[in-house]
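In mature numbering (1 follows the signal peptide of the UniProt record, and there is no 0), the protein residues as written are -19 to -1, 1 to 122.
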């Protein structure tokens, strides 16, 4: 019973720290924040149907990188994106994602870690347009 109560309190604290901008869009969508016993989070709709599976360690605000996209992070700390329909647009496979337009309009630099840090780009559709196979990318400004 103490474990259930503690999990409930932790969930309330997590929801409270979830952010005003997140809850505004979530209210509009009718989504409800849920966390499972392993601490992974997702969303259900007002009918209890899962719209975002509970497989993420973190879900950021929608619109920080692109309108209607939220940055998600898996248990290994790898980054991807979901859209406001709950679909995973960019799989959680990147160690870092830079802002869109930083190097080239409508492109975001991405980084994976193999033996080295490798860079590439995704576009606004979430497609990998330059595979992350380069140890350095310099774009003239």
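Just so it is clear, CB atoms sit at the ideal spot from N, CA and C, and this is done for glycine as well. Since the model is a prediction, treat every value here as computed from it, not as a measurement.
Asked	Found
What does DSSP give as the partner residue(s) for residue 81 in the beta ladder?	Paired residues: none, contrary to the question.
In terms of residues, what are the limits of the beta strand (DSSP E) holding residue 38?	Premise fails: residue 38 is in no beta strand (DSSP E) and is neither H nor E.
State the DSSP-derived secondary structure class of residue 9, mapped to helix, strand or coil.	helix
Closest to residue 123 by C-alpha separation, out of 27, 102, 34 and 56, would be which residue?	This structure leaves residue 123 out entirely; the chain is present only between -19 and 122.
Can you list, in chain order, the stretches of the beta strand (DSSP E) that have 3 or more residues and sit fully within the segment 40 to 109?	50 to 54, 60 to 64, 69 to 75, 88 to 94 and 98 to 104
Let me make sure I understand the geometry here. Which of 94, 92, 61 and 105 has the alpha-carbon closest to that of residue 82?	105
State buried or exposed for residue 91, treating a residue as buried only when at least 16 other CB atoms are found within 10 Å of its CB.	buried
Of all the options 22, 89, 31 and 110, which has the alpha carbon lying nearest to the alpha carbon of residue 46?	89
For the beta strand (DSSP E) containing residue 23, name the first residue and the last one.	22 to 25
Give the secondary structure of residue 114 by DSSP, where H, G and I count as helix, E and B as strand, and everything else as coil.	strand
Quick one: measure Cβ to Cβ for residue 115 and residue 99, integer angstroms, because I've assumed they're closer than 8 Å.	6 Å
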